[in-house]
Every structure is written in structure tokens, then in C-alpha cells.
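Chemist: Just remember that the working numbering sits 159 ahead of the position in the first sequence, which is counted from 1.
Note that CB positions come from ideal geometry on N, CA and C, so glycine has one too.
After the C-alpha cells below, expect a handful of questions from me.
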Amino acid sequence: MEQKLHIYNTLSRQKEAFEPITPGRVGLYVCGPTVYGDPHLGHARPAITFDLLSRFLSYARYKVRYVRNITDVGHLENDADEGEDKIAKKAKLEELEPMEVVQYYTERYHDYMKMLNVKSPSIEPRASGHIIEQIQVIKSILEKGYAYESNGSVYFNVKKYNEDHPYGILSGRKIEDLINNTRELDGQSEKRDSLDFALWKKASPEHIMRWPSEWSDGFPGWHLECSAMSKKYLGEQFDIHGGGMDLLFPHHECEIAQSTVDNGKIPAKYWMHNNMITIGGQKMGKSLGNFITLEQFFTGQHEKLEKEYSPMTIRFFILQAHYRSTLDFGNDALQAAEKGLNRLSEAMENMENIVASNTSDVDVISLKDKCYSAIADDLNSPILIAHLFDAVKTINSLLDGKISIDEDSLVELKNIMHVYVEDILGLSLNSDKSEDSNSKMDDVMQLLLNMRTEAKQNKDWATADKIRDELQNLGFVIKDGAEGASWELK
RNA sequence: GGUUCCUUGGCCGAGUGGCUUAGGCACUGGUCUGCAAAACCAGGUACGGCGGUUCGAAUCCGCCAGGAACCUCCA
Numbered sequence: 160m161e162q163k164l165h166i167y168n169t170l171s172r173q174k175e176a177f178e179p180i181t182p183g184r185v186g187l188y189v190c191g192p193t194v195y196g197d198p199h200l201g202h203a204r205p206a207i208t209f210d211l212l213s214r215f216l217s218y219a220r221y222k223v224r225y226v227r228n229i230t231d232v233g234h235l236e237n238d239a240d241e242g243e244d245k246i247a248k249k250a251k252l253e254e255l256e257p258m259e260v261v262q263y264y265t266e267r268y269h270d271y272m273k274m275l276n277v278k279s280p281s282i283e284p285r286a287s288g289h290i291i292e293q294i295q296v297i298k299s300i301l302e303k304g305y306a307y308e309s310n311g312s313v314y315f316n317v318k319k320y321n322e323d324h325p326y327g328i329l330s331g332r333k334i335e336d337l338i339n340n341t342r343e344l345d346g347q348s349e350k351r352d353s354l355d356f357a358l359w360k361k362a363s364p365e366h367i368m369r370w371p372s373e374w375s376d377g378f379p380g381w382h383l384e385c386s387a388m389s390k391k392y393l394g395e396q397f398d399i400h401g402g403g404m405d406l407l408f409p410h411h412e413c414e415i416a417q418s419t420v421d422n423g424k425i426p427a428k429y430w431m432h433n434n435m436i437t438i439g440g441q442k443m444g445k446s447l448g449n450f451i452t453l454e455q456f457f458t459g460q461h462e463k464l465e466k467e468y469s470p471m472t473i474r475f476f477i478l479q480a481h482y483r484s485t486l487d488f489g490n491d492a493l494q495a496a497e498k499g500l501n502r503l504s505e506a507m508e509n510m511e512n513i514v515a516s517n518t519s520d521v522d523v524i525s526l527k528d529k530c531y532s533a534i535a536d537d538l539n540s541p542i543l544i545a546h547l548f549d550a551v552k553t554i555n556s557l558l559d560g561k562i563s564i565d566e567d568s569l570v571e572l573k574n575i576m577h578v579y580v581e582d583i584l585g586l587s588l589n590s591d592k593s594e595d596s597n598s599k600m601d602d603v604m605q606l607l608l609n610m611r612t613e614a615k616q617n618k619d620w621a622t623a624d625k626i627r628d629e630l631q632n633l634g635f636v637i638k639d640g641a642e643g644a645s646w647e648l649k
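Below, the structure written as C-alpha cells:
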């Protein structure tokens, strides 16, 4: 009995049975990266979490449209009035065109996501490519009376919104508390209220990224792109909206307010938030400067890293924790993950050698059900992995001949392992291994060749020839050159 | 200060009322091995503190201690 998918909905703060708006189809929108820096471990978490979700939904025979944006405009550095566009700031710093920066970091992001075996979303829209759509949303909000223009900028009127719709339903914040506790920022004279947020910002003279509009030459506000692009590609209301917990407030709260005014309904039915990756108990993030980039993980080039960690180790490390828990970075934990993954990988390889018999001690149906239930229960990948390790134990016992399995069950067992390890968890074990063995191969061959050279120096021709002939039998060609021996395949 | 949340064995990390020995890593013992390594098998340790609800709590409630995220861009 396969149980229904349940997901934890931040809106209700509980697990809910998943019911798609349109039967058989799922619209999924996830907040992607702001491309002004190298992708770090924190970026890997939502990418892998929602990759897992979309892989599982596909396995459960849903047709998924997964939209993940690239933020390349509009996020301000400090506050609304004195901030600079993050992308523009970096561009000035490095004397590059803003779009050059965007291009570079977008490609970096893609490269590293690919290494982590994160599938590309169905659509990856850029904020800068949807200025017109964003302006339309602003017009709609202005027409409905929930925004006002001030000195070339347009602001969302939070207090007015709160009179008709509760503001803060996602984050659990009360507007009274926000009024009392919101810090007074400098230069807020344009805004009627400190809670109001920008929909359109007039660009200062030195601001490079700007677009014309009826209000001013400027750029869209912080939260607008997700409202505009999710509406364009998924409709006024779609199934699941995902992102990091740090985006819950104000980003997603503002998104709800904007879309609710624009379309008269909350944009997404389910809101999912992955927790943070921490380092020394603190959030790993750009602003704290305590992040380790994925490149540094893969090469080991960082003072906090004892060694390099493969992309699949990183992926497995993240999947070993539930997405709603914080996950603390640590060398011990990473090395434990690496070894565990290796054990899983060996079992995957060795299970091909299992010989079926007439009887079976293995309950593959139960295994299959347990795996499905685990992931259907709010993407409980740690439980799934625990079941898979139970299967590893079974596989090893089968190889030892301690228990037996019939042909049908064996086929099913292999199928379950491939589906859950490779298709759903997205662990690409073989490619990782072959890369690794390729690099090791050279070392091994060098060792053999050195032994042969030694033998030759000792005039031990029998041994030298034996090494050469045996290697030739295995398909290696030994080439004796002036600078020593080398080898080639075939 | 406000909002939300966390505290599990040597480490990481699941579990939300009654046998889950969760799982991984480490550790100990065994098998294998000329020896070793690897591999495999087996085994132990836990629920921040105090009080309450309950026949029964790691799991529910209260208080205390410690920690985190958000309240400003952030995955």
C-alpha cells in the first residue's frame, strides 16, 4: 500500500496530504540564487531538497513543471533608499558590465549544480527578462489601491492591505508587533510607513541597471520578480512554493501580499522551507562571511576542510538530514557520510553478482513500501537511507550465501535500489567511482612499470617480461621510451 | 524586545504516547588473511534540567537553562 504524499506546509505549520490543484500535474516554484557570487554549501540545500521533491513527484507519476528563477536585478544592498543593486555594485567593483557578472555566476551555478546531480528546472526565468511582467503587476496593485507613487518610486501599502487581508499569515507575525519593532531606517521619507516595501525604485544617477517606466527610470522591487514570474509560468495559483527559511520573512510574506492583491488569491497552496546549513552552530551565509564554496569543498582548498569532498558526498551529507532540520557542517560528519556512501555504492555494484535460487528469505515488497512511505512522509530522506542500509545488509548476506532470494524478488530488489538510490535520491555512484578509479589507475600502472624497470635493472628478464606480457593480455600496451616506460589502453 | 524553532548515545542524525535495538561513522569482538589492510558479521551506550498530565512520555503541558533563524540583502 503506497501512502499518499504528505508535506509540511509552513502556512498551516503542519503536515498536510498533498492534493494537486490540477489532477496529475504539479506546479512548483522555488526561489533560486542571486548571481553575484560563487555558489556555496548553503545554495546546495534548497537545490537538492527540491530536486528530491521533483524527482519523487515524477516517480509518483505527476507531470511536474518546476520553475526556479535567477535573480539578476533588484536586490538591494542596504535599505531601500540608500541601497545599491547588488549586481551593479559588484560590477563596479570589478569593472564589468552587470550582465557579464550575471553570466559568469549563472554559469558557475549551473556547473556546480550539475556536479551535484541536481536536475535543471523546467524553466529558469531571469528577473531582468521579466521587467514588463513586473511592471504589469505594479500597475495592477496601483489600480486596486494598495500601492502609491512617491518621488518616482512605488511602494506597497502594508497597513491598507492588512485592513482587508491578514498580513503575516505565513511568518506568524502580527502587524502591531512589526510596527513596534521595526527599526527606523534612514531616509525613509518617501514611504508613508516603515513597513511599506518597494515595488519600483527610481534609480539614482550612478545606478547602472535601470529600465524605463511611467514612474521613473528605475528597477523593480525586491519581492516582485517571484510574483510576476510564478504567475506567468504557473498561473495565478499553483501547488508548491519553495525556498530557504531565511526567505520566509519578508520575501515570501511580501510575495503573498503582492499576489493576493494582483490576483485575489494566495499564489501557492503549499509553502515549503528548507532549513539552514550551519557552521559552528551559526548560519553559513554570505553576509556573515563564513561560507565555504562548493568549489572549495570539491578541491579541499579551505582552511576548515581537512580534505576534499566529492559532489556525491556533499549530496549524501545533505540528504542524511531532514530538510527542515538545521545541518551543521563538520569534517567528521562529512567523512562519516563519505564512508557510508561508499558502503552503499559497493553494495549497489556487488548486488549484480547475486545468484537467485528457488526460495526467498527477502521481503522485497515490504522494503519497497517502507522506502515509498519514508519519502512520502514529508521527504524523509534520512529514513529512506536507513531502509536502504538495511537493504545493503541484506545484499551482503545474500552475497555470503547466508540467505537466499528467488529470481523475481532479486529483479525487484535491484530495481528498488536503482530507483531509490539513483532516480530519487539522485546519487550518481558509478560516474563518481569511475572518475576516481581513473585517477588511481595511473598510479597503479606507474607502480607496475617501476617494478618492471627495477627488474630490468637487475637483469631479471623473466619478471620484467612477465609484467609486460600479463599487462598486454589485459589489454594494456607498454611503451618503452627514452625517458622510461609509459602505457596505453589497447 | 517581538515572531518561529531547536536541545537525542563518542560524533552526525531520524523518531512525536506503549518492542523504533532508526540509520551512518567511530568503538569492541568475531570471520577472512602468511601478517596486515579492506570487506563482511555481531554487540553496547541516549533522549538538556525540574515539575505536571497519563495506567504509561524522548514524544503532550508548564517553568528553567542553553542555542539558532527571522524582524535589513541572504538558500
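Is it buried or exposed, K163, if we count other Cβ atoms within 10 angstroms and call 16 or more buried?
Modeler: To locate residue 163, count along the first sequence from 1; it is residue 4. Its Cβ having fewer than 16 others within 10 Å, K163 is exposed.
Chemist: Applying the 10 Å Cβ sphere with the 16-neighbour rule, what's the burial state of A176?
Modeler: The residue you call residue 176 lines up with position 17 of the first sequence. When all chains shown are included, A176 counts as exposed.
Chemist: Taking the alpha-carbon positions, what's the H165 to Y531 distance?
Modeler: Taking the first residue of the first sequence as position 1, residue 165 is located at position 6. Taking the first residue of the first sequence as position 1, residue 531 is located at position 372. The alpha-carbon atoms of H165 and Y531 are separated by roughly 12 Å.
Chemist: Between the segment 301 to 311 and the segment 487 to 495, do three or more beta carbon pairs fall short of 8 Å?
Modeler: Not touching, per the Cβ criterion.
Chemist: Can you name, in chain order, every residue of its own chain whose Cβ lies under 7 Å from the Cβ of L558, other than the five neighbours on each side?
Modeler: For this step, residue 558 is matched to residue 399 along the first sequence. Only N509, N512 and I513 meet the Cβ criterion.
Chemist: Looking at the unbroken beta strand (DSSP E) that takes in A306, where does it start and where does it end?
Modeler: The residue labelled residue 306 in the question sits at position 147 within the first sequence. Element bounds for A306: A306 to S309.
Chemist: Counting only the same chain and skipping the five closest in sequence on each side, list residues whose C-beta sits under 7 Å from that of L526.
Modeler: By 1-based counting over the first sequence, the position of residue 526 is 367. Result list for L526: H546, A550 and I575, in chain order.
Chemist: Rounded to whole angstroms, what is the Cα-Cα separation between I367 and I291?
Modeler: If you number the first sequence from 1, residue 367 lands on position 208. If you number the first sequence from 1, residue 291 lands on position 132. The alpha-carbon atoms of I367 and I291 are separated by roughly 18 Å.
Chemist: So, with DSSP's three-state summary, where would you put K163?
Modeler: Within the first sequence, the letter at position 4 stands for residue 163. Note: K163 maps to coil in three-state DSSP.
Chemist: In chain order, what residues of the same chain lie with their CB nearer than 7 Å to the CB of A623, ignoring the 5 residues before and after it?
Modeler: Taking the first residue of the first sequence as 1, we reach residue 623 at position 464. Within the same chain, A623 has close Cβ partners R611, A614 and K615.
Chemist: Which residue marks the beginning of the beta strand (DSSP E) containing Q379, and which one marks its end?
Modeler: Here residue 379 corresponds to residue number 220 of the first sequence, with the count starting at 1. First, the residue type needs correcting, since residue 379 is Pro and not Gln in the sequence shown. G377 to P379 is the extent of the beta strand (DSSP E) around P379.
Chemist: Between L478 and A306, what straight-line distance do the alpha-carbon atoms span, to the nearest angstrom?
Modeler: For the purposes of this step, residue 478 is taken as residue 319 along the first sequence, with counting starting at 1. For the purposes of this step, residue 306 is taken as residue 147 along the first sequence, with counting starting at 1. Going from the Cα of L478 to the Cα of A306 covers about 42 Å.
Chemist: At which residues does the alpha helix (DSSP H) containing N555 begin and terminate?
Modeler: Taking the first residue of the first sequence as 1, we reach residue 555 at position 396. It spans S540 to L558 - the alpha helix (DSSP H) in which N555 sits, taken as one unbroken run.
Chemist: A427 bridges to which residues according to DSSP?
Modeler: Sequence index remark: in the first sequence, residue 427 carries index 268 (1-based). Answer is F397.
Chemist: What would DSSP say about Y153, mapped onto helix, strand or coil?
Modeler: Nothing about residue 153 can be reported from this structure: the residues present for the chain run from 160 to 649 only.
Chemist: DSSP three-state call for N433: helix, strand or coil?
Modeler: Counted from its first residue, the first sequence places residue 433 at position 274. Strand, per DSSP.
Chemist: Assign T518 to buried or exposed, taking buried as 16 or more other Cβ atoms, counted over all protein chains shown, within 10 Å of its Cβ.
Modeler: Working through the first sequence from its first residue, we reach residue 518 at position 359. Exposed.
Chemist: Alpha carbon to alpha carbon, what distance is there between Y221 and R184?
Modeler: As a first step, residue 184 is located in the first sequence; it is residue number 25 there, counting from the start. As a first step, residue 221 is located in the first sequence; it is residue number 62 there, counting from the start. For R184 and Y221, the distance between alpha carbons rounds to 5 Å.
Chemist: Check whether the segment 357 to 371 touches the segment 267 to 280, taking contact to mean three or more Cβ pairs, one atom from each stretch, closer than 8 Å.
Modeler: With a cut-off of 8 Å, the segment 267 to 280 and the segment 357 to 371 do not count as touching, because too few Cβ pairs lie within range.
Chemist: Our contact map puts S484 next to N434 with C-beta atoms below 8 Å; I'd like the distance itself, whole angstroms only.
Modeler: Translated into the one-based positions of the first sequence, residue 484 becomes position 325. Translated into the one-based positions of the first sequence, residue 434 becomes position 275. With 8 Å as the limit, S484 and N434 qualify as a contact, their Cβ atoms being about 6 Å apart.
Chemist: In the DSSP assignment, find the unbroken beta strand (DSSP E) run with K360 in it and report its ends.
Modeler: Reading the first sequence from its first residue, position 201 is the one you call residue 360. Taken as a continuous stretch (DSSP letters only), the beta strand (DSSP E) holding K360 covers F356 to K361.
Chemist: Using only the alpha-carbon positions, how far apart do V603 and K625 sit?
Modeler: As a position in the first sequence, residue 603 is number 444, starting the count at 1. As a position in the first sequence, residue 625 is number 466, starting the count at 1. Their Cα atoms are separated by approximately 16 Å.
Chemist: Using the Cβ count rule (16 or more neighbours within 10 Å means buried), how would you classify P182?
Modeler: Position 23 of the first sequence, counted from the first residue, corresponds to residue 182. It is exposed - the Cβ of P182 has fewer than 16 other Cβ atoms within 10 Å.
Chemist: Nearest by alpha-carbon distance to I297: which of T419, L543 and E462 is it?
Modeler: Here residue 297 is taken as the residue at index 138 of the first sequence, counted from 1. Here the closest residue by C-alpha is T419.
Chemist: Does the structure place the segment 207 to 226 close enough to the segment 245 to 265 that three or more beta carbon pairs sit under 8 Å?
Modeler: Touching, no.
Chemist: Note the first and the last residue of the continuous beta strand (DSSP E) segment covering F456.
Modeler: Against the first sequence, residue 456 aligns to sequence position 297. F456 -> not in any beta strand (DSSP E); alpha helix (DSSP H) instead, spanning L453 to T458.
Chemist: How many angstroms separate the CA atom of Y225 from the CA atom of S281?
Modeler: Translated into the one-based positions of the first sequence, residue 225 becomes position 66. Translated into the one-based positions of the first sequence, residue 281 becomes position 122. Using only the alpha carbons, I get a separation of about 5 Å.
Chemist: How many whole angstroms separate the CB atoms of I451 and K463, which I take to be in contact at a CB cut-off of 8 Å?
Modeler: The residue given as residue 451 occupies position 292 in the first sequence. The residue given as residue 463 occupies position 304 in the first sequence. Going by Cβ atoms, the distance from I451 to K463 rounds to 6 Å, so yes, they are a contact pair.
Chemist: Could you tell me which residues DSSP puts in a beta bridge with S516?
Modeler: If you number the first sequence from 1, residue 516 lands on position 357. Its beta-bridge partners are D565.
Chemist: Considering just the uninterrupted stretch of the beta strand (DSSP E) at K529, what are its terminal residues?
Modeler: Position 370 of the first sequence, counting from 1, holds the residue named residue 529. Unbroken run through K529 is the alpha helix (DSSP H), V523 to A535; no beta strand (DSSP E).
Chemist: Along the chain, where does the alpha helix (DSSP H) containing A153 start, and where does it finish?
Modeler: The structure shown does not extend to residue 153, since the chain is modelled only from 160 to 649, so the question has no answer here.
Chemist: Specify the secondary structure class of D591 as computed by DSSP and reduced to three states.
Modeler: Indexing the first sequence from 1 puts residue 591 at position 432. Low confidence applies to D591: its pLDDT is 46, below 50, so where it sits in the model is not reliable enough to give any reading.
Chemist: Mind listing, in chain order, the continuous alpha helix (DSSP H) runs of no fewer than 4 residues lying wholly within the segment 261 to 302?
Modeler: Fully enclosed alpha helix (DSSP H) runs of 4 or longer: 290 to 302.
Chemist: Residues in its own chain within less than 6 Å of K424 by CB, not counting five upstream and five downstream?
Modeler: Translated into positions along the first sequence, residue 424 becomes position 265. Once the five neighbours on either side are set aside, the close Cβ partners of K424 are Q396.
Chemist: Determine contact between the segment 186 to 203 and the segment 351 to 359, defined as no fewer than three beta-carbon pairs at a distance below 8 Å.
Modeler: Contact fails: fewer than three Cβ-Cβ distances are below 8 Å.
Chemist: Alpha carbons only, please: which of Q605, P470 and A387 is nearest the one belonging to Q295?
Modeler: Residue 295 sits at position 136 when you count from the first residue of the first sequence. That would be A387, whose Cα lies nearest to the Cα of Q295.
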